[in-house]
Amino acid sequence: MLNNYKLISYQQIIYNDIHQNIVNNIRFETYINYLQELLKKDNKIDNFYIDLSYWLNNNYLITILNKLKYKVSDKKKLEIDGIINNLNKLNNGDELI
């Protein structure tokens, strides 16, 4: 239950940041790493939260991040591209593994 709560908390913080046009690379890294660890271990997270995370990542975060890229500096665009790449790896699996 605590894992579910912590995951939702990360997602809420990122959601609030995005609505203020803030892309905090460290928060995204923390969120992605945490979700990745949860997904590696069986029964650490309920299926509902896995589905919710997949939906949030694909239908919301990646879409919004792609739109935000056109409003930021070139350096920030590279950071956003890195975040999008990591979200895609999380959702689709790392091709190198």
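Counting from 1 along the sequence shown, just add 41 to a position and that's the residue number in this note's numbering. Where a beta carbon is used, it is the ideal one built from N, C-alpha and C, also for glycine. Just so we're clear, the structure is a prediction, and the values are computed from it rather than from any experiment.
Would you report the Cα separation of residue i and residue j, rounded to the nearest angstrom?
| i | j | result |
| --- | --- | --- |
| residue 125 | residue 106 | 7 angstroms |
| residue 95 | residue 103 | 11 angstroms |
| residue 110 | residue 69 | 15 angstroms |
| residue 46 | residue 57 | 16 angstroms |
| residue 115 | residue 123 | 13 angstroms |
| residue 119 | residue 93 | 27 angstroms |
Compare the beta carbon distance of residue i and residue j with 8 angstroms and say whether it is the shorter of the two.
| i | j | result |
| --- | --- | --- |
| residue 90 | residue 75 | no |
| residue 131 | residue 67 | no |
| residue 79 | residue 44 | yes |
| residue 128 | residue 98 | yes |
Could you spell out where the alpha helix (DSSP H) holding residue i opens and where it closes?
| i | result |
| --- | --- |
| residue 94 | 88 to 96 |
| residue 130 | 115 to 133 |
> Taking three-plus beta-carbon pairs below 8 angstroms as touching, is the segment 85 to 96 in contact with the segment 61 to 68?
Replying inline: no
> Whole alpha helix (DSSP H) runs in the segment 55 to 85 with 4 or more residues, listed along the chain?
Replying inline: 66 to 81
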